[in-house]
Structures are given as structure tokens and as C-alpha cells.
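Chains as they are written, first to last, in our numbering: chain A, 362 to 675; chain B, 362 to 675; chain C, 362 to 675.
Down below is the structure, laid out as C-alpha cells.
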């Protein structure tokens, strides 16, 4: 997420109550999770084992819970609870804006686009030309929809990431990460009825051009889906996955987070994908395997009684 | 789908730019997929291996991409891209009509039926008597709902079929089939919350009398479900399936397309049904098997270590 | 469910047309399923094998289809069809009240709570302070939402239980149980988009404090979920389950009805839970097993060809 205009790190430090180490003349231009950071960004780290990765990342401003040596050209904002400070910043610079209308006056809707009744279009949403948004769809703030997009009834675009920090010592144990990312749906996409596509935590969830979704598909935060993919009904994909072009997921497939499915892979119905898959192959099973290998295994199981018989008689 | 009134084939040919072979005095009375055609219907075929089936079908008017011998009493409409011509006809004779109201003035709603707030009822919808349509339900155009039907909140009736033609040579690779079928929900059906029941491509999706659905059930295009079925939560059924009377599908069962599940079959939770099942039996597994056979297999797997031990020692 | 004020059993008997056996001076204070009854409650029994359990339960007033000896301090209401009599009572004392407004005038909404557009809030709903109810959410009558609760778009709170009585001799074979329970969502809960949480049949469905749900989660009637649980996307839980505190269910897990998952259990993605699970362990598979045992079994299957080879040669 980028700020509307650069903000002095001294202002950031004062706002979150941090001690400032390093170059106090720097300006922050955005805020991002560690895997998404660009120069000018604020990021945060609160586990010692990730200090090094964060300090060496592109992040310019690092909220950290230990005073360490500041790398040149950066600035550290030191305080006890970087997670809460980060959330405080998100709330300050991308605050939740309650709607005053079902279709926000700040939304930009292209020519030829049809918005059916009972649709919600949030603040700062952009919808391209010649789209059809069917009834009872919800499009959260800041979503971007391309041209020739069809979204069927009841679908929800841009709900918050399912992302919490565990606080084992508190009565309410999970502390919500505020999401400031967006959903971007490219041109010529069709989304079925009753789907949910979450926004990214700080980056964007992207549905690539020409991809088609059946009904009741769930896409987690920050997941990036390529072009011309086909997902059948009730598929679920976790957060920050990367599904490359031309991937086909059949019905009820589940895909875990933080993995890649290579170009042109086909995953058969009800399979579960726990880790990255090479492109160009067909997969089946939970956990998933090469489909032919899996089918052979299913047949081998049927031979166990014969093996038993051979070894033990009856 | 039937036209409101018969249309001369010469008019059809001119509209889609086809060369006309055969009896040019014929009138078209409707438009249908090949597995649904009746005399008077227009259908289309674009693969040589299906030419014969289409020419011998009940279709009277056949849109085809090769000049072949026209069977007697029929007419061929010859052009390069029958799929696009068919879609053009659907758009012409069943055009999408944007709503002007949440509840269309053309909808017919029976006595004693309660429509809760935030419901969308599309054009030419019929709803019978003594129904309850709970909030935020969407009923697309042309759906037919019987008497004493309950539809819980957030459910979507009549979204488009998930049906695309692959065009490997185009940047946007999947070409949408326009659906002109309907959803028909018979009397005494109850549909849970958050379900999605798609319309047929040209025929009807039918939910038989007295059938009861739990929440989040997905039914694909043109699927026909019998009477007094019970489907538990999160069941998904593909397109053009036929589920006979008294079938019970437990939670999260997935059923593939173009198959039949026989009368009285019971499919246990999370099973996957890739092909037709005989009625009157209990099934389990993904892919599904006779439940007792599957349970035995699960137990046989547990004996592999003992077999290994016997063969290899430790 | 408790009545607003006690009702004389003679009035109840007259209303449902029952013969009264036992103490006819008693007053009914509520109506409950057998596993939920408290003194003063009406319950019903229609199978001989459950007579004893019902007569010995805490229920004070028992609707029964056979004249048996009435236990002291109780009263029997004898008629042919106790199920229908029970349903008639529910309809009489907790009638469905059609909405006159998207947000009922009888709803109580706490300070600082934001209700986004297109939300339905039913009669007698209570929502606490500082909640956000996102667009197109449906909250059925009598639901109770605590403080600091977030409910994402399209979610449905309080739809009817999926609970039917089979009447094999009738054309419409399943007879609906009218639900009179509620949904109670405690403080600091977050519910994702497109979830469905059904009301209890007579008791309450409860989501415990600090629990967080991802999108498209289905919770059956009367299920009680503890504190600080995490459920990932597309999880489904049947009716009257008890999920204790700190349970984690990963994506697409299915949980059957009438069981307990113990404190701190973790169930890996796509697992199916057919029966109770001990707390503090990690589970996987459908049907579920100890995750390590299941993973070993998956590996043992891969050794069957080697076993076959050893026994039979090629």
C-alpha cells in the first residue's frame, strides 16, 4: 500500500511512540509486508530469526522490537510491539470508511457497465466498461475491476485477510492484522455466484485476464492467479499462493497458502495441494500426487487382501 | 428454450450470416443443446466426430461448420463458427434484461408468499403460493419456483452455466456460452442459506418436489434432481447430472457432471462421485466405492506394516 | 426456548388436542429438544425406545404417542403425532414474523457499531458495541451478537436448522422441524465472508469469545464452539457438535454432528471428522486419524508394489 504523499519518519515515530535509530530525514512512501516491500516502504519484524531478512530487505523503514545496528540508508523504529504499531499505522493511513451509500460516490464505473440491484460498491472502487455486476454482490473499498468482467450474485470482493497474530497470554488470543491491500480483477474475467476473494494484507490479490471461476470459490489474501485459468465449483485457495496461467482446478480442490502451481497444471476434483506443483502435469489426491501414480496406488490397495492370503492363507 | 413465436429459418440464416442447405421453408421454434433437442429446435455442431449424432438428432435446424448432405425435413445453416452463431442467437432471442427494480414488475408472486427485504426477483420469474424467500436471496430472470418453497438467505437461483469453449489461439482463451435455460424448483422444496443453483444452458435445472438442501450447496447447469432428496451442507453437483428420487448426499460430497445417481443411493460425507452410481446402495470415498468395500480397504492399509514385517523382519 | 410467561398445561393440551395424564396444574415455561431440557420445559418423544430417556429427563411436560405411567411431578400430553404437535407449539409461541424493514425496529444496536448498506437485521436481534456488519449480511430474528464483532459481507446468521422427520408414507416425505433456538456470537469474534451459522432447533448455536472464522464456513444447528478457535476457509460443522476452546480446523475440514472435538485439537486441511476427537493432538485424513499415523499409512501404500514384487517376482 502506498501513501497518498510521503510522510516524514519522525512523524511516523512520534505517532507510534517509537525510538528512532538511523537516518531521521527519510520519508516513508508506503507500508508493506516483508515479502512485498519496495524502497520507501515501512515494514515490521518482531521475531529475532527474521531480523536479518527484514534488515536486508528493500524496506527503508523498519519497525523492530530490538535496538540493532541500523543499515545505511535506512531507519529503525524501535518499540516493544511492532505488530500493533504496524496495525496502528494501517488504521491511520487506510482507515475504514463506513459507507454512506450502497454505491459510493467515490466509485468510478465505466461506460456500458450494468450494476444490478442490491449491489454494494465501496469507496474508491474502480469498475471498467461493459461489466455486469449481478445482484447482492459486495465490492469492498479500493477494489479494481477491469473491462468486460461478469460477477455473479452474492459474490464478495475484497473482504479482510484471515490473518491474526497469536497472543497466548491474552484472554482474546488472536490479534487482527488490518488489511490495506486490494483486489484487482483484470479484463474478461467471470466470477461465479457466492465466491469470496479477499484483499491482500498490504499487496494485491490479482485475478488474471480471461480467468473464469465457477460458484463458491474462495481466494485468500494476496493470492495471484494468472491468465486463462479455470476453477470449478467450491475450490478454495489459501493466502499468498501463486497460480500461474492456464491452470485448471476441478471441483472442491483445496490449495494451501504460500505456494506456486505451475503453468498449465490440472488438479482433479477434491484434491488437496499442500505444496508447490510443477506446471504441465495432471494431479490427484489429498495430499496431491501425479494423477497416474495416485490411480495406481488406489488399485494397489485393492491387492492387499491377495497379498495377505498368499502369506497367511485364509 | 422455446421462442415466443416460430421464426423463419431464412431469417435465422440471414441474422447469423449462414449459407442455407435443405428445406428453406422451415420455421424454428426453439434453441437447444444437442442432448436436449426437440423437433423444431435449432442446435449446433462444430466437431466432425459429433456431426452424425447432431444430424440424426431431433433438431430440425443445424448450425454446422461443413457443408454435408442435409437429412430430409431438416435444414443446415453452414458457417465457420457455429458456437459463436449459437451464442449470437441466444443473445438475440433471450437477451439479458437489466433490472429496473429489485423485484421485477414482470414477476408473478403467489398468494401468501413472503418476500423478505433485500431480495432480488428478476424478470419473468414465477413464485408460487405460501413461500418464504429470506433476505438477500437472488432469483435470476425466468426462474420458476413452486408452492410452499422456502429459500434461505443469500442463496442464488439461476446464475449462468459455467460453460466455456476453449480458443487456444486467442489471448482471452475461454469463450462464454450464453445460457438460456431456467431453474425450476418444484413444490415443498427447502433450500438452505448460501446455496447456488445455476440455470441450464438451454434446458432446465430442476429441483424435485419435497427435496431439502442444507446450506452452501452448489448445483451445476441443467442438473435434474428428483423428489425427496436430502443434501447436507457444502455438497457440490456438476452440470447435467441426474440425481434420482430419495438420494441422500452427506456433507461436502462432490458429484461430477453428466452422470446418474440411482434412486435411494446414499453417499457418505466428503465422497467424490466421478461416474454414475446404482441406486439403493451406500457409497464412500474419493473416488467413491461401495461403503463397506471402502471401509475394509481402510482397514487393510493398516495391515501393510505387518505384511512387511513378515516378509522382511524388522 | 423459554416462553415469555408460563403457560398452563391444560391450555397446551387443548391447543394441540392431547389427552392429559398426570399433574394438570403444572405450568410450562419453555420448549426444548430432549438433550436440552430443563425443569418446566415441554419436550416430545415418538419412538418407544426413547420413552424411558424422555420420561426420566428434566422435562416436566412430555408429548408422547402412548399412554404410559406418568412419573410424579410431570404431565404427559398423549396424542398420535408428537412431532407435529411440537412443531405446532413452536409455530404458536415463536411464530415467524415477516420483516417490515431491512433493519427491524425491535433490534437493539450498540454504540459505535457500524451497519453497512444492504444488511438485514431481524426482529429482536441484539448487536453489541463497536461491531462492523459488512454489506449484504443477513441476521435472522432473535440472534445475539456481542461487542467488537466483525461479520464480513454475505454471511447469514440464524437460518433454520436442517432437521426433518421422515414420513415414508407421504408424497412429501420430509416434515420440517421448526427451529426456535438462536445464534449467540460472543465478544471479539470475527466471521468471514459468505459464512452460514444456523440457529439451534430449540437451544442456541454459540460461537465463543475471540474465535475467528475465515470465509464460507458452515456451522450447523445448536453447535457450540469454544473460545479462541481458528477455522480456515470452507470448513463445515454439522449440528449439535461441541468444539472446545483453542481448536484449529484447517481449510475444507468437515465435522459430523453430535460429537466433541477436545481443547486445542488441530485438524489438518480436508480432513473428515466422523466422531469425537481427544484434545491436544493433530489429526488428518477422511476419516480422520492421528496425523502422524495417517502420514505413515500414506507412505506404507507406496511400498505395496515392492511387497508384490517380493512375493510374485515381476
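For every residue, glycine included, the Cβ atom is placed at its ideal position computed from N, Cα and C.
Below 8 Å on the Cβ atoms is my guess for residue i versus residue j; work out the distance and round it to an integer in Å.
i	j	result
residue 640 of chain A	residue 625 of chain A	5 Å
residue 647 of chain C	residue 621 of chain C	Contact flag wrong, Cβ pair sits at about 19 Å.
residue 449 of chain B	residue 377 of chain B	6 Å
residue 669 of chain B	residue 668 of chain C	7 Å
residue 506 of chain B	residue 438 of chain B	The pair is not a contact, with the Cβ atoms about 36 Å apart (cut-off 8 Å).
residue 594 of chain C	residue 597 of chain A	5 Å
Return helix, strand or coil for residue i, following the three-state DSSP convention.
i	result
residue 374 of chain C	helix
residue 672 of chain B	helix
residue 514 of chain C	coil
residue 501 of chain A	coil
residue 657 of chain C	helix
residue 416 of chain A	helix
residue 626 of chain A	coil
residue 602 of chain A	coil
residue 650 of chain B	strand
residue 409 of chain A	helix
residue 399 of chain B	coil
residue 366 of chain C	strand
residue 380 of chain B	strand
Given residue i, which residues of its chain have a CB within under 6 Å of its CB, disregarding the five upstream and five downstream residues?
i	result
residue 569 of chain A	547, 586, 587 and 588
residue 451 of chain B	539 and 541
residue 414 of chain A	none
residue 550 of chain C	510, 568 and 572
residue 470 of chain B	488
residue 554 of chain A	513, 514, 515 and 576
residue 643 of chain A	627 and 652
residue 517 of chain C	499 and 557
residue 420 of chain C	398, 402 and 404
residue 467 of chain A	484 and 485
residue 464 of chain C	482
residue 479 of chain B	496 and 497
Got a sec? Which residues, its chain only, sit under 8 Å from residue i by beta carbon, not counting five neighbours each side?
i	result
residue 542 of chain C	362, 522, 560, 561, 562, 563, 564, 565, 566, 582 and 583
residue 535 of chain A	525, 526, 527 and 528
residue 590 of chain B	569, 572, 573, 604, 606, 607, 608, 609 and 610
residue 388 of chain C	367, 368, 369, 370 and 401
residue 634 of chain A	614, 615, 616, 617, 620, 622, 628, 644, 648 and 649
residue 474 of chain C	488, 489, 490, 491, 492, 493 and 494
residue 444 of chain B	405, 407, 526, 536 and 538
Chain B partners of residue i, CB-CB under 7 Å?
i	result
residue 570 of chain A	533
residue 467 of chain C	Per Cβ cutoff of 7 Å: no residues; residue 467 of chain C is ~14 Å from chain B at best.
Please list the partners that residue i has in chain B, where partner means a Cβ-to-Cβ separation under 9 Å.
i	result
residue 481 of chain C	477, 478, 479, 495, 496, 497 and 514
residue 620 of chain A	Residues of chain B passing the Cβ test: none, with the nearest at roughly 21 Å.
Run down chain C in chain order and give the residues with a C-beta less than 8 Å from the C-beta of residue i.
i	result
residue 664 of chain A	665 and 669
residue 589 of chain B	533, 534 and 535
Is the beta carbon of residue i within less than 8 Å of some heavy atom of the ligand MG?
i	result
residue 608 of chain B	Within the structure as shown, the ligand MG is missing, as the structure has no ligands at all.
Which residues in chain A sit within 7 Å of residue i, going by Cβ to Cβ distance?
i	result
residue 396 of chain B	Those within 7 Å of residue 396 of chain B in chain A number zero; the least Cβ separation is about 20 Å.
residue 612 of chain C	597, 599 and 615
residue 551 of chain C	537
residue 653 of chain C	Residues of chain A passing the Cβ test: none, with the nearest at roughly 14 Å.
Taking residue i as the query, report the chain C residues whose CB atoms sit under 9 Å from its CB, ordered along the chain.
i	result
residue 555 of chain B	515, 516, 517, 520, 555, 556, 557, 577 and 579
Taking C-beta pairs closer than 8 Å, name the residues in chain B that residue i reaches, listed in chain order.
i	result
residue 633 of chain C	613, 630 and 631
residue 593 of chain A	523 and 599
Find the residues of chain A that neighbour residue i, judging by a C-beta separation of less than 9 Å, and give them in chain order.
i	result
residue 427 of chain B	Going along chain A, no residue has its Cβ under 9 Å from residue 427 of chain B, so there is no contact; the nearest lies around 28 Å.
residue 573 of chain C	523, 525, 535 and 537
residue 462 of chain B	478
State yes or no: is the beta carbon of residue i nearer than 9 Å to at least one beta carbon in chain F?
i	result
residue 537 of chain B	Structure shown: chain F not included; protein chains present are A, B and C.
Find the residues of chain C that neighbour residue i, judging by a C-beta separation of less than 7 Å, and give them in chain order.
i	result
residue 636 of chain A	Per Cβ cutoff of 7 Å: no residues; residue 636 of chain A is ~12 Å from chain C at best.
residue 647 of chain A	631
Alpha helix (DSSP H) runs wholly inside the stretch 512 to 591 of chain B, at least 4 long, in chain order: None, since the stretch 512 to 591 of chain B contains no complete alpha helix (DSSP H) of that length.
What ranges does the alpha helix (DSSP H) occupy inside the stretch 418 to 461 of chain A, keeping only unbroken runs of at least 4 residues that lie completely in it? Listed in chain order, they are 443 to 454.
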